[in-house]
Amino acid sequence: MIRLLLICALMALSIAPAMAGSFAGTSAGGTSAGSSASSGSTSGDDKVVLQARDDAASFVASKGRIRGAQLEAALRELRERKPDARQASDMQLAQAILAL
38 MIRLLLICAL MALSIAPAMA GSFAGTSAGG TSAGSSASSG STSGDDKVVL
88 QARDDAASFV ASKGRIRGAQ LEAALRELRE RKPDARQASD MQLAQAILAL
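Residue numbers (the numbering used here): 38 to 137.
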């Protein structure tokens, strides 16, 4: 449980600028294209993780039976960037993605 909290905290810290840019774009009534354009400082890695939220929700809700391509890409990205993520299960990482 502590490991999951640590992963969530690390991911939240690394993705906070991306989330701020995304929320700013959508709260003004922008489309998804507008919000992605407004978050120009967001790295492609952060976007991969944020875009996997729907797939992560499906994965968690189906108890791991539904595995979308965006979730697979995000899991791969997280494990490459975060040493702690390598030890976490797919379910733990999917839940951490949802917590963002």
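For each residue, glycine too, the CB sits at the ideal point set by N, CA and C.
None of the values given here were measured: they were computed from a predicted structure.
Among the options, the one whose alpha carbon lies nearest that of residue i
i, options, result
"Ala110", "Asp121, Leu137, Arg90", "Arg90"
"Gln107", "Leu137, Ala136, Ala133, Lys84", "Lys84"
For residue j and residue i, believed in contact at Cβ under 8 Å, the rounded distance
i, j, result
"Phe122", "Arg116", "Correcting the residue identity first, residue 122 is Ala in this sequence and not Phe. About 5 Å; that satisfies the 8 Å criterion."
"Val86", "Met128", "Actually they do not touch by this definition, with Cβ atoms about 16 Å apart."
Enclosing alpha helix (DSSP H) for residue i [first to last residue]
i, result
"Ser99", "From DSSP, Ser99 is part of no alpha helix (DSSP H); its letter is neither H nor E."
"Gln107", "106 to 118"
"Asp127", "127 to 136"
Pair within 8 Å by beta-carbon distance, residue i and residue j
i, j, result
"Gly105", "Asp92", "yes"
"Ala94", "Leu135", "yes"
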